[in-house]
Every structure is written in C-alpha cells, then in structure tokens.
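Per the working numbering: the sequence shown = residues 61 to 554.
Here a beta-carbon is modelled for each residue, glycine too, at the ideal position from N, C-alpha and C.
Quantities reported herein were computed from a predicted structural model and do not represent experimental measurements.
Note sheet for the following structure.
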Amino acid sequence: MAATEAPSNEHVYKVPLKVFVDRNENKVVFAEARKEFVDVLFSFLALPLGTIARLVAKESNIPAVKVGSLSSLYESVSHLEEEHLWTQACKEMLLHPRTSMESYCQLLKLNIDDTAPTKYFLCEDLGCSRKTNGSLLSIFKNQRCSCGKLMNRIVSPEISTLEKGFVKESATFIICDDLSVLPNVLVTIMNLLQKLGVKDMNGIEEQTVDISKREVVDLLKLSLISKNPLTDFVLEKKPRVDDFNPINQSWVERGDESSDEGRKIVVRALVRKSNEKIVFADADEDFADLLFSFMTLPLGGVLHMLEGKSSLSCIDKLYKSISELSPDRYLRSQRVKEELANPKCAPLFTISDQILPIGEDILPVYYCNTFIYGKERHVVLATSTRPRIYGYDMNARLEIFDPKSCIGDSRSDKGFVKGPSTFVVTDDLFVTPMSSISAVSCLKRSQVPLSDLEERVISVGVKEGLAILKASLTSTSALTEGLLHFTKVIELEI
Ligand SMILES: [Zn+2]
61 MAATEAPSNE HVYKVPLKVF VDRNENKVVF AEARKEFVDV LFSFLALPLG
111 TIARLVAKES NIPAVKVGSL SSLYESVSHL EEEHLWTQAC KEMLLHPRTS
161 MESYCQLLKL NIDDTAPTKY FLCEDLGCSR KTNGSLLSIF KNQRCSCGKL
211 MNRIVSPEIS TLEKGFVKES ATFIICDDLS VLPNVLVTIM NLLQKLGVKD
261 MNGIEEQTVD ISKREVVDLL KLSLISKNPL TDFVLEKKPR VDDFNPINQS
311 WVERGDESSD EGRKIVVRAL VRKSNEKIVF ADADEDFADL LFSFMTLPLG
361 GVLHMLEGKS SLSCIDKLYK SISELSPDRY LRSQRVKEEL ANPKCAPLFT
411 ISDQILPIGE DILPVYYCNT FIYGKERHVV LATSTRPRIY GYDMNARLEI
461 FDPKSCIGDS RSDKGFVKGP STFVVTDDLF VTPMSSISAV SCLKRSQVPL
511 SDLEERVISV GVKEGLAILK ASLTSTSALT EGLLHFTKVI ELEI
C-alpha cells in the first residue's frame, strides 16, 4: 500500500508480504506469510483494549478510527481528574495497560504495542529492602514505600525469559482476506480458490507489499472496521461502513435469563421511551470500575469470554485460527496455543471484585538477595534465596506492592475508582464523575423532553457485563445494546 507515500526512513524495519490479487474482481485472494507477519497478527489478541483504543486513534497511512464505544471510554479516562482514582498509577494503568503476553511480544520486530515493558523497583533505601520481612517490590516507579521513601531503585529479575513470538520459525501460512490464518498447503489454496469461485487463474497476480509498524497499525484499524481488511489494505479501498456486522443477537439471547447468581451492580438508566434508548445512566463507583477495567482486558481474553463471537468478524476469524492450528507443526507449543486462546490480564491489572470471568497473571515470588562486589552492594532479584556462604545476604520474600493502593490503605477491594462516588455514563460509555457535572446540565444536554424520559433500574451481573463489553466493540450505543436486551427491568416507584 503506502510504500510510495511512507517517509523515506531507511531505518524502518520492513517485512515483505506476498499477496495474490484477483484482477478481475479487484480483490485480494490471499497472502502468503512467514513467521514475522503472522506473529504480529496474533499479537493483536494480546493487546489490551485500552492499547487498541490508543493505537487506532493515531494517524497511520489511514486516518484515526474509532472502535465502538471503546474510543469514548478511553477518552473519558484521559479526561478524568486523578483525584477520582485511588492512586496516580491507576490512570497510567488504564491509559497504558500492560499485556500479560509481554514476554512473547517484546522481541517482535513489528511489535506495535508502545507500552513500556514491566520494570521492577525497590525502596531507594536498600536497608529497607533487606529487612527480613515486609519488604516491598513495585512494578511502577516512584511508589511510596512503607518507610515513607520512594521506590525508585530499579532491579532486574535474574532470569528473564523472552519468547520468540507465537509460531514456528520455518512455518509458512496463508492469510485470507478476512484474516483467517491457515497452513500453507496446496489443498488450502485450492479450497480457497474454489470457495471464492475463481475461474480464471490468469487473472491472479502476485505482488509484494512491504510491511513496517505503520502498515501493521493500518491492518489493526482495518481488522476492526472492515470485512475485507487485506483487500482494503493492499488495494487502498475505503472500508464500507455498511459492511459492518450488526450485533450478534443470538449470543445475548442464548441461555437463561439474567441469572440471580454472583455479584450485581445497580445501574439507574434514564431511558427515552419513544425510541427505547438509554440516554444516560448513573451508578456508583463499582460500575465505573467495571467499565474502566475494559481497558485492561486483552482482546483474546475478551474473545474467550464471548466464546469467539465478538461481532468483529475478522478478529473472530483470527481467534478461531489459533484453535485450528496444530502446535506440532505451526504454533511454537501447546502452551503458546492455550495462552493465546485465553490471555489473562497483566499482573495487578484486574479489579478485585471483577464480575467478568477474566483471570490475572501472577508474578513469580521474588527474593531480594544482595552481595558485596568491590565496594558496592549489588542487588539480585531472584526466584529463590541464595546461601550466605557465597556472600549473599539471605532475605525473605518480597511483597508485591499493589499500585492501586497506598500504604496504610486497608481497603480489601482493590479497584481503580475512588468511592463512595457517583458517575454518569453516556450510551457510548463516556464516564464522568457526578461531582464534575450537575444533574440539570445532564438533562439539558440530552435535549430529550422530560415527559419522554423514564428511569429504570437494571442490575448488572456477569451476563449484562459481557453484553455491554461485546456491544462496546462495535456500537456507539453500548449501554442500550448491552442492557436493553435484558428486559428484566424494575420500574422505579417514586
Ligand atoms: Zn522503604
């Protein structure tokens, strides 16, 4: 695509991608790709939704795009005053969420995730970190240690294991226009050509496209808004908005009515009666926390929770490809396959009473071992204690400092949003603290006649939470699409 337009930067790393174009139909039939490109496609599934919202909001060869309601949700976090969150780090965690698959993605040359990799910090007072118990380890800089000093002494884990991406070095793949990733064997290509009804093999032309990070961002954008991302990418077609998949209702309607089990969050929705749309909702901090936590969810983890049906049709295809590729010949291991099919949140990035069934990666247990070399005392962050006979000080295990809390904080539920407080949420998930706006200005802004408004109380459990999450990927009416499927609403008696 934009090879001619791209800035002439000689140092930009590029991977050639071989594409086969049907000149009669003016569309891409498939691309043939090696490890470097396929690893990058799969890395989309490791990206937290907040990272995706941030990346697609930037210019690449194609303009910025908005993803459902996620873009406005992200924007509302960036506008949020830090006083509404428990700590300064909370905002950073939501705007630059880390991926639990950092070790797989860090070595990718086309890695588009610009989030800084995890670093580890001890108290600036080394004596404090050598205590026999209660010493802290932080994954954010300048947190306040229990002794009152700052935790800004950077330490590296003794062994850091970086993986080389997801697929085998020597394997080659066929990438379909809808981002299905298939083994590169003759029968795959034959089936594909048959399925597409290609009659004239002479109309198929081979061309090579150079892929740098800029083009990968193009592809990420197109994978979220187009049904034919490769065609739109290679032939520079504009994705048609009406190509878009409507919300897949069957998933929401499947199964039981909203179940009574599990934790529920009360949401008061202001519904416009004439068109059955939620204009605003107001809710306590736990609902704001639930919505903000979307930013930290890896795309693959979202697909797992939605059983592979996200309504983002190409992402669904990409996700499905993982389950169909054999770990013996194509993926690097069974473990890679399992982790990619169900990535968790990065360590400490979930909220403790999360109603969504997403897990969190846990950090290994670390010990601070120190030794004198020359005149300096050196620190080793090890996964076991070292014997004193080799000159190490033996120390007890380090406790991981939760960046969502301050020292002396006795809260048991660790979320991002400070409570008690009330938030107003628009249909496209722009979240504002009630204290920053007034109810009157909210009602004025809605421009809906008061007689057309009605308040309904909805209790949000796992099913409703997932429905909002799913709708947020494709719709700017995430609250309406997500919540009004659940007819179990309680009329308020005033
Ligand atoms: Zn300290």
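- prompt: Whose C-beta lies closer than 7 Å to the C-beta of residue 158 among residues of the same chain, with five residues either side of it excluded?
  reply: 175, 178, 406 and 409
- prompt: Which value, in whole angstroms, describes the spacing of the CA atoms of residue 284 and residue 416?
  reply: Rounded to whole angstroms, residue 284 to residue 416 spans 22 Å at the Cα level.
field: First and last residue of the uninterrupted alpha helix (DSSP H) at residue 127
entry: Looking at the DSSP string, residue 127 is not in any alpha helix (DSSP H), and its letter there is neither H nor E.
message: Under 6 Å: does the beta carbon of residue 428 sit that close to some heavy atom of ligand 1?
response: no
- prompt: Is the segment 346 to 359 in contact with the segment 468 to 479, if contact means three or more CB pairs nearer than 8 Å?
  reply: The answer is yes - the segment 468 to 479 touches the segment 346 to 359, with three or more Cβ pairs under 8 Å.
Continuous alpha helix (DSSP H) stretch holding residue 289: start and end: 289 to 294
- request: Note down, in chain order, each residue of its chain lying with its Cβ closer than 7 Å to the Cβ of residue 314, except the 5 sequence neighbours on either side.
  value: Its pLDDT being 41, under 50, residue 314 is placed unreliably by the model, and the measurement read from it follows with that caveat. For residue 314, where only same-chain residues beyond five positions count, there are no Cβ hits under 7 Å.
query: Considering residue 273, what are the terminal residues of the alpha helix (DSSP H) in which it resides?
result: From DSSP, the alpha helix (DSSP H) with residue 273 extends over 273 to 285.
- request: Using DSSP bridges, identify the partner residues of residue 198.
  value: 181
- prompt: Is residue 139 helix, strand or coil when you go by DSSP?
  reply: Looking at residue 139 - three-state DSSP - the assignment turns out to be helix.
- prompt: For residue 326 versus residue 511, is the C-beta spacing smaller than 7 Å?
  reply: no
message: On the DSSP letters alone, give me the boundaries of the alpha helix (DSSP H) that residue 102 sits inside.
response: Counted as a single uninterrupted DSSP element, the alpha helix (DSSP H) harbouring residue 102 occupies residues 95 to 103.
message: Could you compute how far the alpha carbon of residue 72 sits from the alpha carbon of residue 272?
response: 7 Å
query: Between residue 356 and residue 279, what straight-line distance do the alpha-carbon atoms span, to the nearest angstrom?
result: 21 Å
query: Helix or strand or just coil, what does DSSP make of residue 305?
result: Because residue 305 carries a pLDDT of 42, less than 50, the predicted location of this residue cannot be relied on, and the following value inherits that uncertainty. If DSSP states are grouped into helix, strand and coil, residue 305 belongs with coil.
- request: Report whether the distance from the Cβ of residue 209 to the nearest heavy atom of ligand 1 is below 6 Å.
  value: Checking every heavy atom of ligand 1 against the Cβ of residue 209, one is found closer than 6 Å.
field: Helix, strand or coil at residue 381 according to DSSP, with G and I counted as helix
entry: helix
query: Could you check where the alpha helix (DSSP H) with residue 164 kicks off and where it finishes?
result: 162 to 165
message: Taking only three categories from DSSP, how would you classify residue 314?
response: The pLDDT assigned to residue 314 is 41, lower than 50, so where the model puts this residue is not dependable; a value taken from the coordinates is nonetheless given after this. Coil at residue 314, not helix or strand.
- prompt: Which of helix, strand or coil does DSSP assign to residue 78?
  reply: strand
- request: Give the DSSP-derived three-state secondary structure of residue 541 in the structure shown.
  value: Residue 541 falls in the helix class under three-state DSSP.
message: At the level of alpha carbons, what is the spacing between residue 76 and residue 223?
response: 23 Å
- request: Measure from the alpha carbon of residue 194 to the alpha carbon of each residue in 420, 529, 237 and 457, then state which is nearest.
  value: Taking only the C-alpha atoms, the option nearest residue 194 is 457.
- prompt: Residue range of the alpha helix (DSSP H) that residue 331 falls in?
  reply: Looking at the DSSP string, residue 331 is not in any alpha helix (DSSP H); the run it does join, the beta strand (DSSP E), is 325 to 332.
task: Can you have a look at residue 424 and say buried or exposed, based on whether 16 or more other CB atoms are within 10 angstroms of its CB?
output: exposed
query: At a cut-off of 6 Å, is residue 466 close to ligand 1 when judged by its beta-carbon and the heavy atoms of the ligand?
result: Not one heavy atom of ligand 1 lies closer than 6 Å to the C-beta of residue 466.
field: Spatially closest choice to residue 111 from 82, 155 and 538, by CA coordinates
entry: 155
task: State buried or exposed for residue 247, treating a residue as buried only when at least 16 other CB atoms are found within 10 Å of its CB.
output: exposed
Segment limits, alpha helix (DSSP H) that includes residue 436: No alpha helix (DSSP H) holds residue 436; the beta strand (DSSP E) holding it covers 436 to 442.
Element boundaries [alpha helix (DSSP H), containing residue 231]: Looking at the DSSP string, residue 231 is not in any alpha helix (DSSP H), and its letter there is neither H nor E.
message: Within 8 Å, do at least three Cβ pairs link the segment 88 to 106 to the segment 131 to 146?
response: no
query: Going by alpha carbons, who is nearest to residue 143 out of 499, 106, 336 and 481?
result: The shortest C-alpha separation from residue 143 is found at 481.
- prompt: Cα separation between residue 559 and residue 378?
  reply: Look at the range of the chain in this structure, 61 to 554, and you will see that residue 559 is not part of it.
Strand pairing of residue 519, partner residues [DSSP]: 326.
field: Selected residue, minimal CA-CA separation from residue 277, among 107, 427, 263 and 78
entry: 107
query: Is residue 183 near ligand 1, in the sense that its beta carbon is under 6 Å from a heavy atom of that ligand?
result: The closest heavy atom of ligand 1 lies less than 6 Å from the beta carbon of residue 183.
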